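> One structure follows; several queries about it will come next.
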Amino acid sequence: MDQAERLRKLVEKRPETVQSPVRGNARVIAVTSGKGGVGKTNLTVNLAIALGMKGRRVLVIDADLGMANVEVVLGSSTKKHLLNLLEDGTKLADVLVHGPYGVDYISGGSGIEKAQAFDGAQKGQLLVKLMEAGELADIILVDTGAGLGKNVMDFILAADQVLLITTPEPTALTDAYAVMKAYSMYAPEPDLSLIVNRVYDERESRDVVAKLTQTASRFLKLDVGCLGYVYEDTAVMRSVRRQMPFLILQPEAIASRCVRAMADSLLYGTTMAVRRGWRGFLQQIFHFSR
Numbered sequence: 001m002d003q004a005e006r007l008r009k010l011v012e013k014r015p016e017t018v019q020s021p022v023r024g025n026a027r028v029i030a031v032t033s034g035k036g037g038v039g040k041t042n043l044t045v046n047l048a049i050a051l052g053m054k055g056r057r058v059l060v061i062d063a064d065l066g067m068a069n070v071e072v073v074l075g076s077s078t079k080k081h082l083l084n085l086l087e088d089g090t091k092l093a094d095v096l097v098h099g100p101y102g103v104d105y106i107s108g109g110s111g112i113e114k115a116q117a118f119d120g121a122q123k124g125q126l127l128v129k130l131m132e133a134g135e136l137a138d139i140i141l142v143d144t145g146a147g148l149g150k151n152v153m154d155f156i157l158a159a160d161q162v163l164l165i166t167t168p169e170p171t172a173l174t175d176a177y178a179v180m181k182a183y184s185m186y187a188p189e190p191d192l193s194l195i196v197n198r199v200y201d202e203r204e205s206r207d208v209v210a211k212l213t214q215t216a217s218r219f220l221k222l223d224v225g226c227l228g229y230v231y232e233d234t235a236v237m238r239s240v241r242r243q244m245p246f247l248i249l250q251p252e253a254i255a256s257r258c259v260r261a262m263a264d265s266l267l268y269g270t271t272m273a274v275r276r277g278w279r280g281f282l283q284q285i286f287h288f289s290r
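Numbering-wise (full-length UniProt numbering), the sequence shown opens with residue 1 and increments by one.
Following this line, the structure appears as structure tokens:
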């Protein structure tokens, strides 16, 4: 199915107007991507840790319905998950997990067959029960599914801000643009920023951002920002295998420094500037290949 056909089908099922599923002063940030495999959940969890280290109360909601990716990254587990909120008598406190490294999260679960049957009425019930979360956190990171599914669109349209993760790969860029296009059609007050993952140098990141932002401005009339970038780093793969966030496993790794810089950008509006340096140069020469 090509991008144009996907967008046509999305228009046929235009998302309803969705109110933010929280109350209080929590800042709701949806983290999404055009395709899977770009490191979305891994970055979400590590960004949550970085924000927590700066004194913020952070809650991660795994809204990739039917999956439990946040649990996998944290090396944690829970018997209750997001879809249990559809059950009578199940409250937010029943599914909220005080996970390791100071990360509070709600798992997406692993019952994919239930997620496929998720309808509008159930979504409304879910949002009502999630409202209390706005009083429990300063920042809520909503880790959505990838692509243009209706559930994904509902979550990103309900958020205060959207972080769109891509990599420099052409397929990732094409799918990221498709998300930007759909978002621009429905968001009343769009606020979208890019994160470019797995770059080899800062120039590559700038090139990717320039392509997407200029195209969005010209064809979508959408003003797109850039939160930052994350260098390709072997520490990330090691952390995935050990089911431990790289910010904890190797806090001085280049990827960890990038995530901390992005946390500063989110909180203080600073411009991200992380250099590889000589050590990073040697790591790229001896460990990475294009």
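Think of the CB as a built atom: it goes at the ideal place given N, C-alpha and C, for glycine as much as any other residue.
Just so we're clear, the structure is a prediction, and the values are computed from it rather than from any experiment.
Based on Cα-Cα distance, which residue from D88, V45, Y200 and G55 lies nearest to V73?
V45
> From this set, A216, C226 and P168, which residue's C-alpha is nearest Y200's C-alpha?
P168
> Alpha carbon to alpha carbon, what distance is there between A187 and A48?
25 Å
> Go to Q214, then tell me how far its alpha helix (DSSP H) extends in each direction, as first and last residue.
In the DSSP annotation of this structure, the continuous segment of the alpha helix (DSSP H) that includes Q214 starts and ends at E202 to T215.
> What is the DSSP secondary structure of S193, counted as helix, strand or coil?
S193 falls in the strand class under three-state DSSP.
> Excluding five sequence neighbours on each side, which residues of the same chain lie with their C-beta closer than 7 Å to the C-beta of V18?
Residue confidence is low: V18 scores 42 on pLDDT, short of 50, so the model does not pin down where it sits. No coordinate-derived value is stated.
> If you compare alpha carbons, which of G228, A235, S107 and A261 is closest to Q250?
A235
> Whose C-alpha, out of Q161, A210 and A176, is nearest the C-alpha of L192?
If we check each option's Cα against that of L192, Q161 comes out closest.
> Check whether the Cβ atoms of I139 and V58 sit closer than 7 Å, and answer yes or no.
yes
> Grab me the residues of T90's own chain with a C-beta within less than 6 Å of its C-beta, minus the 5 sequence neighbours each way, in chain order.
N84
> Candidates E132, V38 and E71: which alpha carbon is nearest G108's?
E71
> What number of angstroms, rounded off, separates the C-alpha of I195 from the C-alpha of K129?
Each residue's alpha carbon lies about 30 Å from the other.
> Near T146, what residues of its chain come up, given a Cβ to Cβ distance below 6 Å and the 5 sequence neighbours on each side ignored?
The identity of residue 146 in the sequence shown is Ala, whereas the question assumes Thr. So the list reads S33, K35 and G36, once near-sequence residues are dropped.
> On the premise that D143 lies in contact with D62, defined as a C-beta separation below 8 Å, what is that separation, rounded to the nearest angstrom?
5 Å
> Hey, how far is the Cα of R275 from the Cα of D64?
33 Å
> So A178 and L212 are in contact, right, with Cβ under 8 Å, and what is the actual spacing, rounded?
That belief does not hold up - the Cβ atoms of A178 and L212 are roughly 11 Å apart, past 8 Å.
> Could you give the distance in angstroms between the alpha-carbon of E189 and the alpha-carbon of Y268?
21 Å
> Determine the direct distance from the alpha carbon of R218 to that of L101, and round the result to whole angstroms.
Here residue 101 turns out to be Tyr, not Leu, going by the sequence shown. Taking the straight line from one Cα to the other gives about 43 Å.
> Is the beta carbon of I248 sitting closer than 7 Å to the one on D233?
no
> In the DSSP assignment, the alpha helix (DSSP H) including G102 goes from what residue to what residue?
G102 -> no alpha helix (DSSP H), and no H or E assigned at all.
> Please determine, among I106, M53, G99 and L92, the residue with the shortest C-alpha to C-alpha distance to M67.
I106
> With a 10 Å radius around its C-beta and 16 neighbouring C-beta atoms as the bar for buried, classify R241 as buried or exposed.
exposed
> Any idea which residues DSSP pairs S33 with across the strands?
A146 and I165
> What residue range is occupied by the uninterrupted beta strand (DSSP E) comprising residue 353?
One cannot answer for residue 353 here, as it falls past the ends of the chain, which runs 1 to 290.
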